[in-house]
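In my numbering, the protein residues as written are 49 to 503. Think of the CB as a built atom: it goes at the ideal place given N, C-alpha and C, for glycine as much as any other residue. Remember, predicted model here, so these are calculated numbers, not experimental data.
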C-alpha cells in the first residue's frame, strides 16, 4: 500500500495556502495604501505648519514664532519640520538660510501651495512652498514660506505602520492556522471513528457498516458495504465449491483405491488384467473430475479485455471435433460435422472455447444412453452471432430441464459423468458474452452455444 501523506495535513495546506496568498496581497495593498495615506496626512501636516508659520510671521511682523507653532513643527508626524520665510521683495525674514529648490519648477498659480521632492544637504525631502500677500512694517507684498521634512523620516513612520499591520496580520494567520489545524482534526474525527470501528471487527465479520457518517463519507461507506457483500459472496461460493468438490472427488478416489486393492488381491493373470483396465478407467475418471473442477474455478475469475484474443472459431471447432471424433467413432457412433466455408472471428480464450465444445460432445456421448447412434455438429452464422449446435439421437433433453442440467454436479439420471460438463459450457458462454440453450426437438437432445462475432 502506498501512502500519500496525512489527509489532515493536505486539508490544512489546501485551506491555509489561499489564505496566506490573500494575506500577502492584502499586505501589499495595505502597504501601498499606508504610503499614500501617510503622504496625504504628512502633506496636510506640512501645510498646517506652513500656515501657522505664515500666521506667526504676519502677527509678530517677522520677529518670532509662537510656542504652539514651534511645538507643531518640532513634533509633527513624519519628523521635524524645517522652514524658511521671505518677505516682500524677497528679503529674508526667519528660518533656515537656504531652502531646497525644485529641480523642475512648474508653472502654476503662485498663491496655490506647491508640493515637490527635492534634495537638501544630501537628503531627500518633501517641500511645501506657499506665497501669501502680507504687510510688514508698512510694506505690502508677497511673503513666501518654504517648509520641508525628511522623506526618510516619513518613510520610517509609514514603514512602522506597515510593520504593525503585518504583525497584526501574522497573529491573525497564526491564530487561524491553529484553528484550522484542530478544526480539520475534529472534522476528520468521524473517519477515525469509522476506522476504529472497522479495526474492532473480527476477520469473519463482513456485515454492513451501519454507523452514522457524514454525507461526504457516505459514498465510501456504501462502496465498502458493497465490497463486503461481494467478498462474502465470493467466500461463500468458494466454501460451497470446496465442499462440493470434496464430495465429488471422494467417489473417484474411493474407486481408485478399491481397484488398486482388487488388483493386489487378484488370483490369476486374467483377473489382474481386468482389474488393471478398471483401475485405469477409474484413474482417468478421477483426473477428468479434477480437471473440470479446476476449469470451473478458473472460469470464476474476472475477465479483462486485454486477456481476450481474436480467434478463428471455425478452426477451434475443427480441432475440438478432430480430438473428440476419434473417441466417438471408436464407440461405433456416427459423427457428422457441418461448417460454412468463411472464417468467423470471435473474441475470447481459445482454451476455454475448445473445452466448452469438447464438453458438449462428451456430454452427448456419456448421457446419450444405449440408443445413441449419431452425433452431429452444425456451425452457422446469424446476424452478428455464431451458433454451434450439437445434436444426438439418444436420451432426450427438453428446455424445461435447463436448470437441472446446467447446475454443477447435477444429473438427470446416473451416468459415468461428473455433472460438470454443461455447467462449464454455461460458464464459458457467460465469460464470452454469449449464451447456451437447450433446443426443443422431437428425438434426442440438441444444445446450442451462441457467441457474438468479433467486429
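Here DSSP, grouped into helix, strand and coil, assigns residue 129 to coil. By a beta-carbon distance limit of 8 Å, residue 233 does not contact residue 130. Their separation comes to about 59 Å. Of the residues 160, 161, 200, the one whose Cα lies closest to the Cα of residue 167 is 200.
Scanning the segment 345-419 for uninterrupted alpha helix (DSSP H) segments of 4 residues or longer gives 361-378, 398-415, listed from N- to C-terminal end. A straight line joining the alpha-carbon of residue 403 with that of residue 396 spans about 13 Å. Using a 10 angstroms sphere on the CB of residue 259, the tally of other CB atoms stays under 16, which defines it as exposed.
Cβ contact annotation for residue 409 (same chain, cutoff 8 Å, sequence separation greater than five): 368, 369, 372, 376, 423, 425, 438, in chain order. Scanning its chain for C-beta atoms nearer than 7 Å, with the 5 sequence neighbours on each side dropped, one finds around residue 71 the residues 217, 221, in chain order. Secondary structure of residue 136 (DSSP, three-state): helix. Counting only the Cα atoms, residue 322 lies some 41 Å from residue 447. Taken atom to atom, the span from the alpha-carbon of residue 366 to that of residue 248 is near 58 Å.
When the alpha-carbon of residue 246 is set against those of 497, 429, 272, 223, the nearest one is in 272. In the DSSP assignment, residue 201 falls within the alpha helix (DSSP H) that extends over 199-235. Less than 7 Å divides the Cβ of residue 198 from the Cβ of residue 171. The C-alpha of residue 401 lies about 10 Å from the C-alpha of residue 394.
Residues 358, 393, 394, 395 of the same chain have their beta carbon placed closer than 6 Å to that of residue 502, with the five preceding and five following residues left out of the count. Between residue 257 and residue 270, the alpha-carbon positions lie close to 8 Å from each other. Linking residue 379 to residue 421 through their CA atoms gives a straight-line distance of about 9 Å. Nearest C-alpha to residue 239 among 265, 61, 398: 265. Burial state of residue 478 is exposed, judged by a 10 Å Cβ sphere holding fewer than 16 other Cβ atoms. The three-state secondary structure of residue 144, taken from DSSP, is coil.
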